[in-house]
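Since the structure comes first, as C-alpha cells, the remarks are kept for the end.
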Amino acid sequence: SWVLDATGRHGFLARDVREADRSTTTLAITRRFEKPAGWDEITANHTLVESYEDGWAWSVPLSDTLRCFTVMADQRHAALEGRDVNEMLRGELAKTTHLASMLDHVNAEGDSWACSSSLYHARRYSRPGLLLVGDAGSFIDPLSSYGVKKALASGWLAGIVAHTALVDAPMTEVALEFFDDRERSVYQSYRHRSAEFFEEAASAYGHPYWTTRAEAARAAAGAISAPDDEEWLEDPAGTHVPADIVRAAHERIRSIESLDALSNPDLRVIKRPAIRSQRIVMKRHLTNDAYRNGMRYVRGVDLLTLVELAPQYAEVPNMWNAYNEREAPVSLPDFLVGLSTAFAAGLLVHRDK
C-alpha cells in the first residue's frame with residue numbers, strides 16, 4: 081500500500097525529514113474586509129501585491145464586495161511584540177501606500193488571524209510506501225510562484241510514481257529517485273527565482289528584511305541543477321532548456337528558408353527514467369555535453385524521432401507530416417516547440433553554423 085502525505089504545512093508524516101530554513105522567519109497575518117459599495121473596477125478582480133520597507137502585503141478578491149488582505153511580516157524586524165493580531169495587521173498595512181488607500185469605508189469581517197509562512201524543505205521526499213506531496217515536502221516563498229501550481233504538479237507526479245510501484249514493482253526505486261530528484265530541483269529553482277525579487281526590493285529599501293532574504297535565497301538555491309523556467313517548473317515531464325534560448329532557436333528557424341539540420345557530433349543516447357503512459361519507465365534519452373541528464377519528450381514530441389528525421393527535410397511542414405506518420409500525431413505549434421528545443425539544446429545544428 082502507498083500513502084501520499086498531502087497535509088500541507090502540518091506534514092504529519094514529514095516531520096522527521098523536514099528542515100526549516102532558519103535564515104528568515106515570516107508571519108502571515110490576514111483579515112477579510114467588506115466594501116458594501118463594491119471595489120473599483122480596476123482592482124475588483126485582481127490579486128494585488130505591494131512591497132514596503134520591512135515586508136510585503138497582498139490582497140485577493142473573494143467576491144464583488146469582499147477582499148482578503150494579508151501582510152508578510154518578520155517578527156525579528158517588525159514591532160509586533162505586545163500587540164494583538166488585529167493591531168499587527170493594521171500597523172503593517174499602514175506601511176503600504178496603495179493597499180492602505182483601499183481600506184477607507186470598509187467593514188472588517190471577523191478577526192485577523194496569523195500563521196507561519198516560513199520556509200522549509202525535506203531531506204528526502206520519498207521512501208517505499210510514502211511520498212511527500214506539495215507543501216508537505218517543501219514550502220516556497222509565495223513571491224516566487226503560485227504555490228497551487230507547484231502542489232498540483234507534485235501531486236500529479238506522486239500519482240504516477242505510486243501507480244508505477246503498484247504495476248511494475250522492479251521500477252519502484254527508480255520511480256522514487258525520479259520523484260525525489262524532481263522535488264529537490266523544483267525547490268532549488270523556486271528559491272533561485274525568489275532571489276531576484278528579494279534583490280530588487282533590497283536595492284530599493286536597503287532593509288535587512290530584504291537583504292537577508294536575498295542572501296538566503298541565493299545560498300539555498302546553490303548550484304541549481306534545473307532551469308529557472310516557468311514551463312519546466314510546472315511540467316514534471318519538461319526539459320531543462322531555458323525558454324529564452326528555445327525562443328531564440330524558434331526565431332532562427334522562422335528566419336531561414338531551409339533548415340539544413342544535422343545531428344550534433346557530440347550527441348549521445350543514454351537510458352534514463354521518463355514519464356510515459358502514466359508510468360515511470362526507462363527510455364532512451366538524447367544527451368550532449370551541455371545537457372548531460374538527457375531529454376526525450378517536449379510537448380509530447382519524441383525528440384529521438386525528430387532528430388532522426390530532421391536531416392532528411394529542409395522545410396518544417398514536410399518534417400511535421402513525416403513525424404505524424406511515424407508517431408502519435410502532434411499539433412504544429414507543439415512540433416515547433418520540440419524542434420526549437422532540439423536546436424536550442426544543441427541536439428541539432430544548422431549546417432551553415
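In terms of our numbering, the numbers along the sequence shown are unbroken and rise by one, the last being 433. Glycine residues also receive a C-beta, built at the ideal position from the N, C-alpha and C atoms. This one's a predicted model, so the numbers in the text were calculated from it and none came from an experiment.
In this structure G418 is in contact with L383, their Cβ atoms being roughly 6 angstroms apart against a cut-off of 8 angstroms. Residue pairing from DSSP places V381 in a beta bridge opposite V378. Nearest Cα to T104 within the set S181, S196 and L179: S196. The shortest CA-to-CA distance from A408 to any of L428, E161, Y377 and M168 is the one to Y377.
The Cβ atoms of W138 and T150 lie closer than 9 angstroms to each other.
Per DSSP, W136 is one residue of the beta strand (DSSP E) stretching across G135 to P141.
Annotation: H330 is outside any beta strand (DSSP E); the continuous alpha helix (DSSP H) that includes it extends over A323 to S335.
According to the DSSP assignment, H90 belongs to no alpha helix (DSSP H), since it is labelled neither H nor E. Pairwise C-beta distances place the segment 174-189 out of contact with the segment 201-215, as fewer than three of them are shorter than 8 angstroms.
Going by C-alpha positions, P250 is about 38 angstroms away from P391. Closest by C-alpha distance to A180, out of R156, Y205, F219 and Y132, is Y132. Between the alpha carbons of P222 and V321 lies a gap of roughly 24 angstroms. Between I360 and F258, the CB-CB gap stays under 9 angstroms. By the neighbour-count criterion, in which a residue is buried when 16 or more other Cβ atoms sit within 10 angstroms of its Cβ, Q268 is buried.
Contact annotation, A284 with T291: C-beta distance approximately 11 angstroms; criterion of less than 8 angstroms not satisfied. Following the DSSP letters along the chain, one finds R170 inside the alpha helix (DSSP H) bounded by residues V165 to L173. Where R352 is concerned, the enclosing beta strand (DSSP E) starts and stops at R348 to R356.
By the C-beta density criterion, H365 is buried, having at least 16 other C-beta atoms within 10 angstroms. Around the C-beta of E167, fewer than 16 other C-beta atoms lie within 10 Å, and the residue is accordingly described as exposed. Cβ-Cβ distances below 8 angstroms link L389 to M399, A402, Y403 and R406 in the same chain, with the five nearest sequence neighbours on each side left out; the list follows chain order. Within its own chain, the residues whose Cβ lies closer than 7 angstroms to the Cβ of D369, once the five positions on either side in sequence are excluded, are D346, listed in chain order. The continuous alpha helix (DSSP H) containing G418 extends over residues L412 to A424. In the structure shown, R372 adopts coil according to DSSP, grouped into three states. If you draw a straight line from the Cα of A188 to the Cα of E114, it comes to about 6 angstroms. Straight through space, the alpha carbons of G214 and Y270 are spaced by roughly 13 angstroms. Just so you know, the alpha carbons of D144 and R102 end up roughly 39 angstroms apart.
Relative to the Cα of G171, the nearest Cα in the group I109, V228, V396 and A216 belongs to I109. Counting only the Cα atoms, R262 lies some 20 angstroms from D248. Taking a C-beta distance under 9 angstroms as the contact criterion, S218 and R111 do not qualify as a contact pair. Cβ contact annotation for A153 (same chain, cutoff 6 angstroms, sequence separation greater than five): L107, G135 and E172, in chain order. Cβ-Cβ distances below 6 angstroms link L84 to L211, V213 and A238 in the same chain, with the five nearest sequence neighbours on each side left out; the list follows chain order.
Annotation: the continuous alpha helix (DSSP H) that includes Y267 extends over T252 to Y285.
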